[in-house]
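Read the structure below first, then the notes.
Residue numbers (my numbering): -12 to 563.
This is the structure in structure tokens:
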């Protein structure tokens, strides 16, 4: 059979390359493929549909699709593929890719493209997609147009190289796929069976074409240097399983445990973002000699300020444990980065601890009462204020069913949760890499799709307006999902920032005057607007335990209410 393809047969060659590419990706653990509509991506979408190993997810909005894939990757801890057509469809993936770069989720972005001869010459829907994601991706693979002159084994080894890099470092990779027309054909791929058979036994195996063996031993831990001093353990954005292991280590050492809400746990040292603002009360913490941090992306600015002073002015040693080699050291401190699986590192640390009790055990116990004092002040403060407020929502998070998981939006509410909530034993998800307010509903939808657990999404009104399209991802969802939208008519976070008062509303907060009742109807979702905290708890918990599908719970609060309450409470803490 001739290797010279006719225009009709080019569609078949496109399909063969796409089939080979997707099959190899499935052998690297990809099961979920997220697809947006498009013609140029036809070879990829049809071959994805034909591969029984793959689960397809579709959405009409590429920006939302990228964040949906991000959520799938967060919850599944596996790589997820995204397929889009050429042109601005590709550019719309950048926000989700930028987030994945900072938080490590593994996305494999497959972008269809025009062939090189149609770029830069006025052809329709053709932009320069080469390097479009810059260094927001770990790596890129620019494929040539599918051709019988390029052996499939080159395609496989090129894919393998990129995927092995992703296995080691995480974040997104980009494979650009230029497909010449025609894109459609009813001819079977078997017309090029000789070309396909060049891969030999690969077709009969389930393993990637090449192998790469990596030693993953944890470096020895100097227990004498680490664990015989006055230390603090800090939990950042880590899994709930890892958080429990870290908590057990802290208890064994007798060290204070500071838990970011993204860890899903709390401790006797909760509300530290509040009590660190009283330097007299928190003086004891300054005795700390060793800081041991698991995971990154700490919400609290007060903690980050304390960390900087503790290392630079009081000579504390700073140890950071995370499997990612990414630099998470925003104050550029002297830091020892233990590049290891958090769970494995903790297990080895437990094994190296001396049998005798650490002589510094319990050194920070006098700080225990601070969390109770802050909580008591908040409760008293709320009793004298409106029955339902953003602070009361943060305080009541532990009243949610234990079977549910949480997704925390950005801006004001996540800071209130960090200050007031004692989230304990919940899986918590967030987008705290670039910390944008875009794509939050889409990301949460991906999380729910991955694990099918009842979920509460806490999001601000501006964030929901930004991602309204993504409510479509929840229209057919049967798992109970509650979207709690705190509607304070704009960007209330700016009440806490020193923005010019004259332009605060017009240029920063941007009041909109909208509510979300008809948005819920548009996307066939449930809707509720409780007036009291008791009514809110009853509606949310009932839906999580007995409901089905998505429910929007709108909590409308006066503008500036949260900031006024917060400022008053901080003054009370300073007076302790």
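The beta-carbon is built from N, C-alpha and C at its ideal position, and this holds for glycine as well. This one's a predicted model, so the numbers in the text were calculated from it and none came from an experiment.
With a threshold of 8 Å between beta carbons, is residue 210 in contact with chain D?
Given the protein chain composition of this structure (a single chain), no chain D is represented.
Within the same chain, show all residues whose beta-carbon is closer than 8 Å to that of residue 317, passing over the 5 residues directly before and after it, in chain order.
To locate residue 317, count along the chain shown from 1; it is residue 330. These residues qualify, in order along the chain: 291.
Under 7 Å Cβ to Cβ from residue 271, same chain only, skipping five residues before and after it: list those, please.
Your numbering for residue 271 matches position 284 in the chain shown. Cβ within range, chain order: 351, 353, 354.
Through-space distance from residue 205 to residue 321, alpha-carbon basis:
Here residue 321 is taken as the residue at index 334 of the chain shown, counted from 1. Here residue 205 is taken as the residue at index 218 of the chain shown, counted from 1. Spanning the two alpha carbons is a distance of roughly 21 Å.
Cα-Cα separation between residue 246 and residue 429, rounded to whole angstroms:
What you label residue 246 is simply residue 259 of the chain shown in a count that begins at 1. What you label residue 429 is simply residue 442 of the chain shown in a count that begins at 1. The straight-line gap separating the alpha-carbon atoms of residue 246 and residue 429 is approximately 26 Å.
Does the pairing of the region 59 to 75 with the region 83 to 93 give three or more beta-carbon distances under 8 Å?
A contact exists between the region 59 to 75 and the region 83 to 93.
Look up residue 445 in the DSSP assignment and say whether it is helix, strand or coil.
Within the chain shown, numbered from 1, the residue matching residue 445 stands at position 458. DSSP places residue 445 in strand when its eight states are reduced to three.
Work out the CA separation of residue 313 and residue 216 for me, nearest whole Å.
Translated into positions along the chain shown, residue 216 becomes position 229. Translated into positions along the chain shown, residue 313 becomes position 326. In this structure, the CA atom of residue 216 is about 28 Å from the CA atom of residue 313.
Cβ-Cβ distance between residue 478 and residue 54 below 8 Å:
By 1-based counting over the chain shown, the position of residue 478 is 491. By 1-based counting over the chain shown, the position of residue 54 is 67. Taking the C-beta atoms as reference points, residue 54 is found no nearer than 8 Å to residue 478.
Nearest-angstrom Cα separation, counted from residue 319 out to residue 348
Looking up residue 348 in the chain shown gives position 361. Looking up residue 319 in the chain shown gives position 332. One C-alpha to the other measures close to 29 Å.
Of the listed residues 486, 485, 400, nearest to residue 444 (C-alpha basis):
Here residue 444 refers to the residue found at position 457 when the chain shown is read from its first residue. Nearest option by C-alpha distance: 400.
Residue 564 vs residue 284 beta-carbon contact at 8 Å
This structure cannot settle anything about residue 564, because the visible part of the chain is limited to -12 through 563.
So, is residue 394 buried or exposed, given that buried needs 16 or more other C-beta atoms within 10 angstroms?
To locate residue 394, count along the chain shown from 1; it is residue 407. With 16 or more Cβ atoms within 10 Å of its Cβ, residue 394 is classed as buried.
With distances taken from CA atoms, which of 467, 238, 33 is nearest residue 7?
Residue 7 sits at position 20 when you count from the first residue of the chain shown. Per the Cα distances, 33.
Given this structure, state the Cα-to-Cα distance separating residue 413 from residue 403, to the nearest angstrom.
Stepping through the chain shown from its first residue, residue 413 is reached at position 426. Stepping through the chain shown from its first residue, residue 403 is reached at position 416. Going by the C-alpha atoms only, they are around 17 Å apart.
Using 8 Å as the cut-off, can you tell me whether the region 24 to 31 makes contact with the region 163 to 171, which would need three or more C-beta pairs spanning the two stretches below that distance?
Three or more beta-carbon pairs separated by less than 8 Å link the region 24 to 31 to the region 163 to 171, which places the two stretches in contact.
In angstroms, rounded to a whole number, what distance separates the CA positions of residue 26 and residue 72?
Within the chain shown, numbered from 1, the residue matching residue 26 stands at position 39. Within the chain shown, numbered from 1, the residue matching residue 72 stands at position 85. When only Cα atoms are considered, residue 26 and residue 72 end up about 7 Å apart.
Looking at residue 77 and residue 19, is the spacing between their C-beta atoms short of 8 Å?
Residue 19 sits at position 32 when you count from the first residue of the chain shown. Residue 77 sits at position 90 when you count from the first residue of the chain shown. No; because the gap between Cβ atoms is not below 8 Å, this pair is not in contact.
What did DSSP end up calling residue 371 once you bin it into helix, strand or coil?
By 1-based counting over the chain shown, the position of residue 371 is 384. Reliability fails at residue 371, whose pLDDT of 48 lies under 50, so the model's placement of it is uncertain and the value that follows must be treated cautiously. Correct three-state label for residue 371: coil.
Nearest residue (CA-CA) to residue 406, options 263, 244, 44
As a first step, residue 406 is located in the chain shown; it is residue number 419 there, counting from the start. When C-alpha distances from residue 406 are compared across 263, 244, 44, the shortest belongs to 263.
Report the CB separation of residue 225 from residue 157 in whole angstroms; it is logged as a contact under 8 Å.
As a working mapping, residue 225 is identified with position 238 in the chain shown. As a working mapping, residue 157 is identified with position 170 in the chain shown. The Cβ separation is near 14 Å, so there is no contact.
Considering only the alpha carbon of each residue, which of 480, 492, 553, 470 lies closest to residue 569?
As shown, the chain starts at -12 and ends at 563. That puts residue 569 outside it, with no answer to give.
Give the DSSP-derived three-state secondary structure of residue 171 in the structure shown.
Here residue 171 refers to the residue found at position 184 of the chain shown. Coil at residue 171, not helix or strand.
First and last residue of the beta strand (DSSP E) that includes residue 394?
In the chain shown, counting from the first residue as 1, residue 394 sits at position 407. 392 to 395 is the span of the beta strand (DSSP E), which, as asked, contains residue 394.
By the three-class DSSP mapping on this structure, what secondary structure does residue 275 have?
Taking the chain shown and counting its residues from 1, the one referred to as residue 275 is at position 288. Correct three-state label for residue 275: coil.
Contact belief for residue 102 with residue 132 at Cβ below 8 Å, rounded distance in angstroms:
As a working note, residue 102 is residue 115 in the chain shown. As a working note, residue 132 is residue 145 in the chain shown. With a Cβ gap of about 5 Å, residue 102 and residue 132 count as contacting.
Would residue 490 be called buried (16 or more neighbouring beta carbons within 10 Å of its own) or exposed?
Here the question's residue 490 lines up with position 503 in the chain shown. It is exposed - the Cβ of residue 490 has fewer than 16 other Cβ atoms within 10 Å.
When the Cα atoms are used, what is the spatial distance from residue 386 to residue 441?
In the chain shown, counting from the first residue as 1, residue 386 sits at position 399. In the chain shown, counting from the first residue as 1, residue 441 sits at position 454. Roughly 14 Å between the two C-alpha positions.
Taking the beta carbon of residue 211 as the centre, do at least 16 other beta carbons fall within 10 Å, making it buried, or is it exposed?
Counting from 1 along the chain shown, the entry for residue 211 is found at position 224. Residue environment analysis places residue 211 among the exposed positions, since fewer than 16 neighbouring C-beta atoms fall within 10 angstroms of its C-beta.
Can you tell me whether residue 499 is buried or exposed, with buried defined as 16 or more other CB within 10 angstroms of its CB?
Residue numbering aside, residue 499 sits at position 512 when the chain shown is read from its first letter. Burial is judged here by how many other beta carbons sit within 10 angstroms of a residue's own beta carbon; residue 499 has fewer than 16 and is exposed.
If you drop the 5 nearest sequence neighbours on each side, which residues of the same chain put their C-beta closer than 6 Å to that of residue 451?
Numbered from its first residue, the chain shown carries residue 451 at position 464. Result list for residue 451: 472, in chain order.
For residue 541, report the span of its beta strand (DSSP E) as first-last.
Looking up residue 541 in the chain shown gives position 554. First-last of the beta strand (DSSP E) with residue 541: 537 to 543.
How many whole angstroms separate the CB atoms of residue 326 and residue 310, which I take to be in contact at a CB cut-off of 8 Å?
Stepping through the chain shown from its first residue, residue 326 is reached at position 339. Stepping through the chain shown from its first residue, residue 310 is reached at position 323. Indeed, because the Cβ distance is near 7 Å, the residues count as touching under 8 Å.
Please give the ranges of any beta strand (DSSP E) in the region 459 to 540, keeping only runs that are unbroken, at least 3 residues long and fully inside the region.
468 to 474, 513 to 515, all fully within the region 459 to 540.
Between the C-alpha atoms of residue 495 and residue 474, what's the straight-line distance to the nearest angstrom?
Numbered from its first residue, the chain shown carries residue 495 at position 508. Numbered from its first residue, the chain shown carries residue 474 at position 487. Roughly 16 Å between the two C-alpha positions.
Check whether the region 447 to 461 touches the region 500 to 511, counting contact only when three or more Cβ pairs, one atom from each stretch, lie closer than 8 Å.
Enough Cβ pairs lie closer than 8 Å, so yes.
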